[in-house]
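There are 2 protein chains.
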Amino acid sequence: MSNILTPRSQDYSQWYNDLIIKGNLADYSAVRGCMVIKPYGFALWENMRDVLDKMFKDTGHQNAYFPLFVPKSLFEAEEKNAEGFAKECAVVTHYRLKTDPNNKGKLIVDPAARLEEELVVRPTSEAIIWNTYKNWIQSYRDLPILINQWANVVRWEMRTRLFLRTAEFLWQEGHTAHATKKEAIAETTQMLDVYAKFVEEYMALPVVRGVKSANERFAGAEDTYCIEALMQDGKALQAGTSHFLGQNFAKAFNVQFTDKENKMDYVWATSWGVSTRLIGALVMAHSDDQGLVMPPRLAPLQVVIVPIYNKDVEARQKIDAKAEEIMKELRAKGIRVKFDNDDNNRPGWKFAEYELRGVPVRIALGARDLENNQVEVARRDTKEKASQPLEGLTDHIAQLLEDIHNNMFQRALDFRTEHTTNADTWEEFMKILDEKTGFVYAHWDGTPETEEKIKELSKATIRCIPLNNEQEAGKCILTGNPSTQRVLFARAY
Amino acid sequence: MSNILTPRSQDYSQWYNDLIIKGNLADYSAVRGCMVIKPYGFALWENMRDVLDKMFKDTGHQNAYFPLFVPKSLFEAEEKNAEGFAKECAVVTHYRLKTDPNNKGKLIVDPAARLEEELVVRPTSEAIIWNTYKNWIQSYRDLPILINQWANVVRWEMRTRLFLRTAEFLWQEGHTAHATKKEAIAETTQMLDVYAKFVEEYMALPVVRGVKSANERFAGAEDTYCIEALMQDGKALQAGTSHFLGQNFAKAFNVQFTDKENKMDYVWATSWGVSTRLIGALVMAHSDDQGLVMPPRLAPLQVVIVPIYNKDVEARQKIDAKAEEIMKELRAKGIRVKFDNDDNNRPGWKFAEYELRGVPVRIALGARDLENNQVEVARRDTKEKASQPLEGLTDHIAQLLEDIHNNMFQRALDFRTEHTTNADTWEEFMKILDEKTGFVYAHWDGTPETEEKIKELSKATIRCIPLNNEQEAGKCILTGNPSTQRVLFARAY
Ligand SMILES: [Zn+2]
Ligand SMILES: [Zn+2]
Chain A
0 MSNILTPRSQ DYSQWYNDLI IKGNLADYSA VRGCMVIKPY GFALWENMRD VLDKMFKDTG
60 HQNAYFPLFV PKSLFEAEEK NAEGFAKECA VVTHYRLKTD PNNKGKLIVD PAARLEEELV
120 VRPTSEAIIW NTYKNWIQSY RDLPILINQW ANVVRWEMRT RLFLRTAEFL WQEGHTAHAT
180 KKEAIAETTQ MLDVYAKFVE EYMALPVVRG VKSANERFAG AEDTYCIEAL MQDGKALQAG
240 TSHFLGQNFA KAFNVQFTDK ENKMDYVWAT SWGVSTRLIG ALVMAHSDDQ GLVMPPRLAP
300 LQVVIVPIYN KDVEARQKID AKAEEIMKEL RAKGIRVKFD NDDNNRPGWK FAEYELRGVP
360 VRIALGARDL ENNQVEVARR DTKEKASQPL EGLTDHIAQL LEDIHNNMFQ RALDFRTEHT
420 TNADTWEEFM KILDEKTGFV YAHWDGTPET EEKIKELSKA TIRCIPLNNE QEAGKCILTG
480 NPSTQRVLFA RAY
Chain B
0 MSNILTPRSQ DYSQWYNDLI IKGNLADYSA VRGCMVIKPY GFALWENMRD VLDKMFKDTG
60 HQNAYFPLFV PKSLFEAEEK NAEGFAKECA VVTHYRLKTD PNNKGKLIVD PAARLEEELV
120 VRPTSEAIIW NTYKNWIQSY RDLPILINQW ANVVRWEMRT RLFLRTAEFL WQEGHTAHAT
180 KKEAIAETTQ MLDVYAKFVE EYMALPVVRG VKSANERFAG AEDTYCIEAL MQDGKALQAG
240 TSHFLGQNFA KAFNVQFTDK ENKMDYVWAT SWGVSTRLIG ALVMAHSDDQ GLVMPPRLAP
300 LQVVIVPIYN KDVEARQKID AKAEEIMKEL RAKGIRVKFD NDDNNRPGWK FAEYELRGVP
360 VRIALGARDL ENNQVEVARR DTKEKASQPL EGLTDHIAQL LEDIHNNMFQ RALDFRTEHT
420 TNADTWEEFM KILDEKTGFV YAHWDGTPET EEKIKELSKA TIRCIPLNNE QEAGKCILTG
480 NPSTQRVLFA RAY
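Protein chains in written order, with numbering that gives the first Met the number 0: chain A, 0 to 492; chain B, 0 to 492.
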């Protein structure tokens, strides 16, 4: 059981796929690039969604739902956005199938049911939403609009990976409308902070907050803010983005409003999103060769109780009674707990199974433990085991879950600190990327051409220009041209 | 404000559309037959979803997520299901757009990016799910599988109506797999009971539980169970269905398992769903000419507090303080409450607005009320107003919300009782449908041909054969042939 995963050292990529499949998070499907999210993976997503949803509502947002389809003429209205997504759009062209006259029991697309205008399956919803906002906004009194949507979107990616890049994925997309530029920018950075807080305080994963270079901006945005996390193989992963869209969509869809002085102006916009990709980040950042390691605040199951029976029926009844009692007390504290008394599997099998699934805390409970008024408590993150008195057990477990969260965050932070390096020459830069891996801070001359060239030569991209970045004179690692600040480079997912 | 809706007596259909649009539940969209669910409507859906989701989990189900697209070859595998949905399928044929060489700034479908196999946008997910279950089921130990999915689906309907029939809609679809026929049938009826309980105890709407005739069965089912509700115009609305699918999908996708005796058998299946259509039912069943009437247990906002200020600033502060205090106490009881102290609108405007939105309870609070240690409490369902002492107010409001629920249910039940009639001849049958409207119990000879003929002549359909239906010898209203029971007819949405 403990060797069912390919070790990270042998093949990190295969280890990741093994984890997702054998950890029961997701499965491949019959549809190219689309996956099935299995109940265990979906329970994790539900926990993530519920926390985020509350954070959105606490910052004044409401949920709504807009159509899956975007008519082509709306899709192309904001030119840069359309250009950016055109190459990966699934397109609906027909609305009916009919029986194949030449092939009994088979269906063909009915050529008579061609749509007058093709429909794009939303890769993102700015177009359909701003076409709607047009009807909702006349005056400054109609602003701000603070709406979020939980939805599925489709981007026809050529190379897909479970959770990290799939043709269809689940996400949330916030779309807000404001009377002033200042207010829209404040919203953009507020939501970046919400994402950073979520990833750090729930996923136990430290992030760098920054702004993208022009090359890496969302198609149609004036500025893209992002959070970047570091994975165990030293590659970066963009964990969330928040876009200041300026007046681009308002102009494309002619959304104007009368301000307090009765003047007409275009509305200011933001959009922001995170997706099921976060599950990929969570898995890659924390897990080990024995399986998943779930951060306690999001773990579908936080504690599992495994009974160690012997042949004594009376002892068994005592174990069951005590386990039920512990479970009840933990539940009363809001802890997600399961008592696994399935007779078909032995304790050793269960230990390995819950290790694979990354359950943060395991309690084992046998006749001898009960005699000594104690249980065995094992934590998943460090694999430490210790006897623990029954007295005060629930408080101990609640505290332990917090300790595990903090330990996981600190471990990820230490790893990131160790794998963050300054490079001053091209040779250093390449050597770090190839050998040490991780985040590299280096000077760049600020031009898109140089950024592009660096990417071609090194396969590293500018992850972001960190917020409140330290200003420091230097020379671009590639061109030697003057630079005012280091930016954050990495190879990335 | 109070005349902004078309009265029911004048045009029931227009009244319904007015309610949805002016009550801020939904809006039309640029996509044919698709709607935008606005924040107020979506908050209602969230409440419905949360209650149902808990009921599903309490009966042992887990959520998962399957792909939006179904490859055509999978879609056509279960022949009856495919045939039933073929005429309303949106079909993805291409995966890329490109710039139009003849039309600057415009996009066209890239003919080079044609899919080898077309993808159907799911109208329902049996095909993609059973193709997946095939890989998950080998032995009886893998059963049952009890999975639910919250998703969007697309059915290309020619005549659409907000919530009641839209090309894209939101729903949940349960898909379960069982080792025995008996267990699958028990699941089917269990979920029908869950739906009936939800509609009666949360939507305050009585339903008839029954089974569909062969003509009205879900395509691919052995039996379709349903709940049927009666709307204020005397038309029926199918509020939920639960299907016993037999081994049809297991055979189409070759899903076999080894049972306890080590014999191979095909797996037994069920599926069951309710959708955003329920919002249409809720609105049509309870609302009046002044606006929506929300059933309290699902109302996005259960209580609104409207202050009645005069020019005395000190009095205003006292009113505000008391309103905040009441709000806090109601929230502590889990009641969804808002204090609307917006100075831009007068109390009369607010009264009409919350009446339109169907908020179950309104509390008005002025200086005179405070002097008398009382407030004015108005209930939306009966429009009764009364002074109520501040002492014990929160308990009173909590009880009042229950009373409103019970009153709404009883009113709908009384309406249904009045509009349920036995018909013994064709003339009676037609007269009831045309004049009295409502549910009609009548004898039918049990043949699909007669059912079809009755539908053609009367526009009424067999809504269901009620569960535990009374057996009674009689003659078919159309053919005069012998019949053993009355079945439930109505004109329907
Ligand atoms: Zn302790
Ligand atoms: Zn009372």
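Glycine included, C-beta positions come from ideal geometry on N, C-alpha and C.
Proximal residues of chain B, C-beta to C-beta of residue i below 8 Å
i: residue 123 of chain A; result: Neighbours of residue 123 of chain A on chain B: none; closest Cβ ~14 Å, over 8 Å.
i: residue 488 of chain A; result: None at all; the shortest Cβ gap to chain B is about 31 Å.
i: residue 297 of chain A; result: Result: empty, since nearest Cβ-Cβ is about 16 Å, beyond 8 Å.
i: residue 118 of chain A; result: 30, 89
Exposure of residue i, with buried meaning 16 or more beta-carbon neighbours within 10 Å
i: residue 205 of chain A; result: buried
i: residue 263 of chain A; result: exposed
i: residue 467 of chain B; result: exposed
i: residue 267 of chain A; result: buried
i: residue 8 of chain A; result: exposed
i: residue 66 of chain A; result: buried
i: residue 123 of chain B; result: buried
i: residue 104 of chain A; result: exposed
i: residue 460 of chain B; result: buried
i: residue 368 of chain A; result: buried
i: residue 447 of chain B; result: exposed
i: residue 155 of chain A; result: buried
i: residue 332 of chain B; result: exposed
i: residue 456 of chain B; result: exposed
i: residue 0 of chain A; result: For residue 0 of chain A, the pLDDT reaches just 45, beneath the cut-off of 50, and the residue's location in the model is therefore unreliable, leaving the point undetermined.
i: residue 348 of chain B; result: exposed
Any chain B beta carbon closer than 9 Å to residue i
i: residue 458 of chain A; result: no
i: residue 61 of chain A; result: yes
i: residue 108 of chain A; result: yes
i: residue 248 of chain A; result: no
i: residue 140 of chain A; result: yes
i: residue 336 of chain A; result: no
i: residue 131 of chain A; result: yes
Neighbour flag for residue i against chain A, beta carbons, 9 Å
i: residue 221 of chain B; result: no
i: residue 225 of chain B; result: no
i: residue 461 of chain B; result: no
i: residue 0 of chain B; result: Because the pLDDT at residue 0 of chain B is just 45, under 50, the model does not fix this residue reliably, and the point stays unresolved.
i: residue 135 of chain B; result: yes
i: residue 472 of chain B; result: no
i: residue 98 of chain B; result: yes
i: residue 243 of chain B; result: no
Contacts of residue i in chain A (Cβ-Cβ under 9 Å)
i: residue 55 of chain B; result: Within chain A, no residue comes near residue 55 of chain B; the closest Cβ sits about 12 Å away, beyond 9 Å.
i: residue 104 of chain B; result: 75, 78, 81
Under 9 Å from the C-beta of residue i: neighbouring residues of chain B
i: residue 155 of chain A; result: 94, 95, 112
Residue from the options with nearest C-alpha to residue i
i: residue 76 of chain B; options: B:215, B:100, B:382, B:254; result: B:254
i: residue 117 of chain A; options: A:208, A:38, A:91, A:463; result: A:91
i: residue 292 of chain A; options: A:380, A:166, A:336; result: A:380
i: residue 351 of chain B; options: B:231, B:436, B:382; result: B:382
i: residue 50 of chain A; options: A:6, A:199, A:70; result: A:199
i: residue 129 of chain A; options: A:463, A:183, A:73, A:15; result: A:73
i: residue 31 of chain B; options: A:109, A:71, A:451, A:14; result: A:71
Chain A residues whose Cβ lies nearer than 8 Å to that of residue i
i: residue 127 of chain B; result: 28, 29, 30
i: residue 146 of chain B; result: 38
i: residue 35 of chain B; result: 63, 64, 65, 66, 131
i: residue 41 of chain B; result: 61, 62, 63, 64
Beta-carbon neighbours of residue i, restricted to chain A and to distances below 7 Å
i: residue 86 of chain B; result: 95
Interface partners of residue i on chain B, CB under 7 Å
i: residue 45 of chain A; result: 62
Name, going along the chain, the residues of the region 70–83 of chain B whose beta-carbon falls closer than 8 Å to a beta-carbon of chain D.
No chain D is present in this structure, whose protein chains are A and B.
Assess, as a yes-or-no matter, whether the region 33–42 of chain A is touched by the region 44–63 of chain B under the definition of 3 or more beta carbon pairs within less than 8 Å.
The region 44–63 of chain B, when compared against the region 33–42 of chain A, does touch it at the 8 Å Cβ threshold.
With contact counted as at least three CB pairs below 8 Å, one residue from each stretch, are the region 433–440 of chain B and the region 403–423 of chain B in contact?
Using a C-beta cut-off of 8 Å, the region 433–440 of chain B makes contact with the region 403–423 of chain B, since at least three inter-stretch Cβ pairs fall below that distance.
The region 244–261 of chain A touching the region 228–236 of chain A, judged by at least three CB pairs closer than 8 Å:
No contact exists between the region 244–261 of chain A and the region 228–236 of chain A.
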